[in-house]
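J.: Take any residue in the sequence shown, count from 1 to its spot, add 709: that is its number in the numbering used here. Here it is: the structure, laid out below.
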Amino acid sequence: MMMIPRRRNEFDLFNDFFGGDDFFTRRESAIMKTDIKEKKDNYVIEMDLPGYEKENISLELKEGYLNVSAKVEKEENGDENEKFVHKERFYGHCSRSFYVGEQITEEDIKAEFKNGILKVTIPKKEEKKELPEAKHIEIE
């Protein structure tokens, strides 16, 4: 038996839909590709969010976790008789969470969104060590 590679310009709906293209095997985190850099005094999170508007990106700090969520709403401005043969543009909601520590506050975190990249800077802080409770000592 001889294996012949399929030419990309051939139309094979079954193969394209069920795995010929890795689009359907990607995980949601592939939509929000992220790099985390450690610097001397802080951490920098850079997240790709192309096609998103700043107004539709949300950062929330809760119980030591930084939650990043973003949404893209579909604009209906095409002909209703149009049929898509292939569609890869994402419409919907996605989110990711990062543990930053319970000592970090909202005021510590700086964020900016420019050219489809969300950049979040988080300072390094040492964990607060709680002192043990004072215990009463009986005097004999």
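By construction, the Cβ of each residue, glycine as well, lies at the ideal position given by its N, Cα and C atoms. Values in this document were obtained by computation on a predicted structure and should not be read as measured data.
Taking DSSP as the reference, what is the three-state secondary structure of Asn776?
T.: In this structure, Asn776 counts as strand in the three-state DSSP scheme.
J.: Grab the span of the beta strand (DSSP E) containing His802 for me, first residue to last.
T.: Residues 801-808.
J.: Indicate the three-state DSSP secondary structure (helix, strand or coil) for Asn790 in the structure shown.
T.: Here Asn790 sits in coil by DSSP.
J.: How would you write the range of the beta strand (DSSP E) that Pro832 sits in, first residue to last?
T.: Residues 826-832.
J.: Can you tell me whether DSSP reads Lys746 as helix, strand or coil?
T.: In the structure shown, Lys746 sits in a strand (DSSP, three-state: E or B).
J.: Is it right to say Ile740 is buried, meaning 16 or more other beta carbons lie within 10 angstroms of its own, or is it exposed?
T.: Classification of Ile740: buried, given that the 10 Å Cβ count is 16 or more.
J.: Using only alpha-carbon positions, find the residue among Lys834, Lys771, Gly825, Val777 that is nearest to Cys803.
T.: Nearest option by C-alpha distance: Val777.
J.: Could you please give the first and the last residue of the uninterrupted beta strand (DSSP E) stretch that includes Tyr752?
T.: Element bounds for Tyr752: 751-757.
J.: Got a sec, what are the start and stop residues for the beta strand (DSSP E) Glu769 sits in?
T.: Counting along the chain, the beta strand (DSSP E) containing Glu769 begins and ends at 766-771.
J.: Which residue wins for smallest C-alpha separation from Lys742, given the options Leu827, Ser767, Glu797, His795?
T.: Comparing Cα-Cα distances from Lys742 to each of Leu827, Ser767, Glu797, His795, the minimum goes to Leu827.
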